Amino acid sequence: MFGSIDFNNLGLSILEIATRLIIVIIALTVHEYAHGWVAWKLGDSTAKSSGRLSLNPLRHLDPIGFLCMLFFRFGWARPVPIDTRNFKKPRRDMALTGLAGPVANLILAFVILIPYEIIYSLAEAGVFNNISAFGVNLISVVISFVASFHFMNITLALFNFFPVPPLDGSRVLYAVLPDKYYFGVMKYERYISLGIMALLLFGVLDRPLMWLSNAVSNGMIWLIECLPFFG
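Residue numbers are given in numbering that gives the first Met the number 0: position 84 of the sequence shown equals residue 83, and the series is strictly consecutive.
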């Protein structure tokens with residue numbers, strides 16, 4: 000979902016791999032932690048008792064899913080275990096737990112814009128006019144990392160909002176659909192998953208995801224620029 004790496008330019012690929020490595024680890028870890036944390040707050044301690052209420056990436060990353068996230072157009076982490084029997088309102092609480100992961104990624108995407116806007120404001124003020132070539136390159140690397148972190152978290156969030164199994168948005172369906180229809184859809188979860196992977200692999204979803212990501216990004220930038228320091 001984050002695009003593929005161009006191995007024709009090895010230098011660029013090494014930098015891109017390193018950047019994606021850091022971003023994917025952070026994005027997936029926070030995403031899964033958010034699921035477990037919200038479930039815990041709503042009464043289900045399954046994730047906590049199984050050691051998944053942790054920011055240790057090794058507790059969450061699936062090796063194959065992680066590599067797919069780096070090199071192909073899709074990937075996944077180990078799902079956080081949740082027992083809906085521990086919820087006071089299973090349908091509502093399952094939906095909130097499902098939404099927690101994508102919302103956490105959107106928060107990350109928003110927060111990372113703050114250093115970007117600070118750098119941009121300092122550049123406009125002429126602070127970087129006389130810095131060395133090394134300083135210019137360092138700032139460029141930081142801006143590139145921030146931009147990638149921002150968009151990859153938005154893309155991960157939007158993709159998981161899709162209301163189809165096994166994505167997080169399907170948990171919202173559980174909250175609003177009658178059992179008859181919900182479990183009717185869930186019978187085809189495996190086929191739906193394969194279909195989604197095929198769409199991602201062949202880039203069918205690239206354009207709509209990019210359009211939506213740009214729209215969300217522009218909205219976040221507008222909000223940041225409304226703050227007194229950046230206005």
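Here a beta-carbon is modelled for each residue, glycine too, at the ideal position from N, C-alpha and C.
Computed from a predicted structure; not experimentally measured.
Proximity below 7 Å, CB of Pro162 to CB of Val171: Contact: yes.
Length of the line joining the Cα atoms of Ile106 and Arg91: One Cα belongs to Ile106, the other to Arg91, and the distance between them is close to 22 Å.
Secondary structure, alpha helix (DSSP H): runs of 4+ residues fully inside the stretch 135–177: 168–175
Ala94 and Val37 closer than 7 Å at C-beta: no
Start and end residues, alpha helix (DSSP H) containing Val110: Its alpha helix (DSSP H) spans residues 89–110.
Length of the line joining the Cα atoms of Asp205 and Arg51: 31 Å
According to DSSP, residues forming a beta bridge with Ala76: DSSP, once it has assigned bridges, lists Leu60 as partnering Ala76.
Enclosing alpha helix (DSSP H) for Tyr249 [first to last residue]: Residue 249 is absent from the model: the chain starts at 0 and stops at 230.
Contact under 7 Å by Cβ, Leu54 with Thr96: no
Proximity winner among Lys40, Ile153, Leu226, Thr154, relative to Asn85 (alpha-carbon distances): Lys40
Supposed close pair Ala156, Asn104 - CB separation, criterion 8 Å: 4 Å
Buried or exposed by the 16-neighbour rule on C-beta atoms within 10 Å, applied to Ala26: Here Ala26 is buried. Its C-beta has 16 or more other C-beta atoms within 10 Å.
Candidates Ile220, Ser12, Val102, Pro80, of which the one nearest Ser44 by Cα: Pro80
Pair within 7 Å by beta-carbon distance, Ile191 and Pro164: yes
Distance between beta carbons of Val126 and Leu69, contact taken as under 8 Å: Contact doesn't hold; Cβ gap of about 35 Å is too wide.
For Ile113 and Pro62, the rounded distance between their alpha carbons: 32 Å
Contacting residues, own chain, Cβ-Cβ under 8 Å from Thr83 (five flanking each side not counted): Asp43, Pro89, Asp92, Met93
Unbroken alpha helix (DSSP H) run spanning Ser48, endpoints: 45–48
Through-space distance from Pro56 to Ile138, alpha-carbon basis: 28 Å
Given Val215 as reference, the closest of Phe148, Leu14, Phe109 once Cα atoms are compared: Phe109
Status (buried if at least 16 other CB within 10 Å, exposed otherwise) for Gly10: The predicted model places Gly10 with a pLDDT of 48, which falls under 50 and marks its position as unreliable, so this point remains unresolved.
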